[in-house]
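Read in order, the letters of the sequence shown are residues 221 to 432 in my numbering. Cβ atoms here follow ideal geometry from the backbone N, Cα and C, with glycine treated the same way. A quick note: this is a predicted structure, and the numbers were derived from the prediction, not measured.
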Amino acid sequence: MGTVTVLRHPLADEQLQLIRNKESDITIFRTAMTRLGGLLAIEATKDSPTKEIKITTPMEVETTVFALEDEKILLVPILRAGLGLVESFLTYLPKAKVAHIGMSRDHDTLQAKLYVNSLPKSLEDFKQILVLDPMLATGNSCVKALEVLEEFGANTSIIKVICAFAVKQGLEQISQKYPRVHVVAGVIDPVLTNIGYISPGCGDAGDRLYLL
Numbered sequence: 221m222g223t224v225t226v227l228r229h230p231l232a233d234e235q236l237q238l239i240r241n242k243e244s245d246i247t248i249f250r251t252a253m254t255r256l257g258g259l260l261a262i263e264a265t266k267d268s269p270t271k272e273i274k275i276t277t278p279m280e281v282e283t284t285v286f287a288l289e290d291e292k293i294l295l296v297p298i299l300r301a302g303l304g305l306v307e308s309f310l311t312y313l314p315k316a317k318v319a320h321i322g323m324s325r326d327h328d329t330l331q332a333k334l335y336v337n338s339l340p341k342s343l344e345d346f347k348q349i350l351v352l353d354p355m356l357a358t359g360n361s362c363v364k365a366l367e368v369l370e371e372f373g374a375n376t377s378i379i380k381v382i383c384a385f386a387v388k389q390g391l392e393q394i395s396q397k398y399p400r401v402h403v404v405a406g407v408i409d410p411v412l413t414n415i416g417y418i419s420p421g422c423g424d425a426g427d428r429l430y431l432l
């Protein structure tokens, strides 16, 4: 597999157990996903672009500090479930731009079909692109999104994929096709079922965020 970072922190474990629990209602599930997203955001932005600026402190001392260039960051949530991580990232990246990519999955072939693409025509101004997809299962939707980004001129070395849950098969597909793309995951689960679900996982994240 390519470069993968997995959160290992008690705060992440606490949110993951709430997300996994079938007894967690929509309010608990949404809150836990948002909190986990915040931890993922902190990890994913360790190398986000910054610039030096000069400020004056209350001590009337001028000093040089680093300021985040979040206006140079593009968030790309994969609809629907990716929307569940947007708020978490915007909390830390309030100037970041957001472009949506929508995928529908054929439940027989498990292949992804693009139905929404709101990417800007030029991606040259962005220094970092964060693809938000809570469930990295087969990897088909994520790879399709990466293909679309590449078609729009994105440099794959500045792309990170952010997910709450991942499995080996999805990670390997990204690694094989886009070895320069870094993945940040909340946890890696052991099983991809024959219908394309992560197990033990948390069920359908999109449904639990928006429908149930």
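Whole angstroms is fine: what's the gap from Gln235's alpha carbon to Phe249's?
Stepping through the sequence shown from its first residue, residue 235 is reached at position 15. Stepping through the sequence shown from its first residue, residue 249 is reached at position 29. When rounded, the distance between both Cα atoms is 9 Å.
Taking the DSSP output, what are the residues bridged to Gly322?
Taking the first residue of the sequence shown as 1, we reach residue 322 at position 102. For Gly322, which the question treats as bridged, DSSP gives the partners Leu299, Val336.
Closer than 6 Å by C-beta to Ala425: which residues in its own chain qualify, once you throw out the five before and the five after it? Chain order, please.
Indexing the sequence shown from 1 puts residue 425 at position 205. Hits under 6 Å: Ala301, Pro354, Met355.
Among the candidates Asp233, Glu291, Met279, Lys274, whose CA atom is the shortest distance from the CA of Gly257?
Here residue 257 refers to the residue found at position 37 when the sequence shown is read from its first residue. Ranking Asp233, Glu291, Met279, Lys274 by Cα distance to Gly257 puts Asp233 first.
Near Leu339, which residues of its chain fall below 6 Å by C-beta distance, leaving aside the five closest residues on each side in sequence?
Mapped onto the sequence shown, residue 339 falls at position 119. If the five residues before and after Leu339 are omitted, its C-beta is found closer than 6 Å to the C-beta atoms of Ala319, Phe372, all from its own chain and listed in chain order.
Spatial neighbours of Thr284 in its chain, beta-carbon cut-off 6 Å, leaving aside the 5 residues before and after
The residue labelled residue 284 in the question sits at position 64 within the sequence shown. Glu272, Lys274.
DSSP state of Glu243 mapped onto helix, strand, coil
Here the question's residue 243 lines up with position 23 in the sequence shown. Coil, per DSSP.
Report buried or exposed for Thr186, applying the criterion of at least 16 other Cβ atoms within 10 angstroms of its Cβ.
The question about residue 186 has no answer, for the chain in this structure spans 221 to 432.
From Thr358 to Pro230, what distance separates their C-alpha atoms?
Along the sequence shown, one-based indexing puts residue 358 at 138. Along the sequence shown, one-based indexing puts residue 230 at 10. Taking the straight line joining both Cα atoms gives about 27 Å.
Just to confirm, is the Cβ distance from Ser419 to Leu412 under 9 Å?
Taking the first residue of the sequence shown as position 1, residue 419 is located at position 199. Taking the first residue of the sequence shown as position 1, residue 412 is located at position 192. Less than 9 Å divides the Cβ of Ser419 from the Cβ of Leu412.
Taking a contact to mean a Cβ-Cβ separation below 9 Å, would you say Val435 touches Lys380 in this structure?
This structure leaves residue 435 out entirely; the chain is present only between 221 and 432.
From what residue to what residue does the alpha helix (DSSP H) around Gly423 run?
Here residue 423 refers to the residue found at position 203 of the sequence shown. Gly423 -> no alpha helix (DSSP H), and no H or E assigned at all.
Euclidean distance between Cα positions of Ala252 and Pro278
Taking the sequence shown and counting its residues from 1, one reaches residue 252 at position 32. Taking the sequence shown and counting its residues from 1, one reaches residue 278 at position 58. If I take the Cα positions, the gap works out to 38 Å.
Given that a residue counts as buried once 16 or more other Cβ atoms are within 10 Å of its Cβ, and exposed if not, what is Asp245?
On the sequence shown, position 25 is the one that residue 245 refers to. With fewer than 16 other Cβ atoms within 10 Å, it is exposed.
Under the rule that 16 or more other beta-carbon atoms within 10 Å means buried, what is Lys333, buried or exposed?
Counting from one through the sequence shown, the residue named residue 333 turns up at place 113. Classification for Lys333: exposed.
Leaving out five residues before and five after Ser433 in sequence, what residues of the same chain have Cβ atoms less than 8 Å from its Cβ?
Past the boundaries of the shown model lies residue 433; the chain is included only from 221 to 432, so the question cannot be answered.
Among Thr270, Leu299, Ser395, Lys347, the one whose alpha carbon lies nearest that of Asn375
On the sequence shown, position 155 is the one that residue 375 refers to. Nearest neighbour of Asn375 by Cα position, chosen from Thr270, Leu299, Ser395, Lys347, turns out to be Lys347.
Proximity of Lys315 and Asp345 at Cβ, strictly below 9 Å:
If you number the sequence shown from 1, residue 315 lands on position 95. If you number the sequence shown from 1, residue 345 lands on position 125. No. Outside cutoff.
Rounded separation between Ser377 and Leu227 - CA only:
Residue 377 sits at position 157 when you count from the first residue of the sequence shown. Residue 227 sits at position 7 when you count from the first residue of the sequence shown. Near 21 Å, if we compare the C-alpha coordinates of Leu227 and Ser377.
Could you check how far apart the C-beta atoms of Val404 and Ile382 are, in whole angstroms? I think they sit under 8 Å.
Residue mapping note: residue 404 aligns to position 184 of the sequence shown, counting from 1. Residue mapping note: residue 382 aligns to position 162 of the sequence shown, counting from 1. Yes, Val404 and Ile382 are in contact; Cβ-Cβ is about 5 Å, under 8 Å.
Classify Asn414: buried if its beta carbon has 16 or more other beta carbons within 10 angstroms, exposed otherwise.
By 1-based counting over the sequence shown, the position of residue 414 is 194. It counts as exposed.
If I'm right that Ile321 touches Val368 with Cβ under 8 Å, what's the distance once you round it to whole angstroms?
Taking the first residue of the sequence shown as position 1, residue 321 is located at position 101. Taking the first residue of the sequence shown as position 1, residue 368 is located at position 148. So it is a contact: roughly 6 Å between Cβ atoms.
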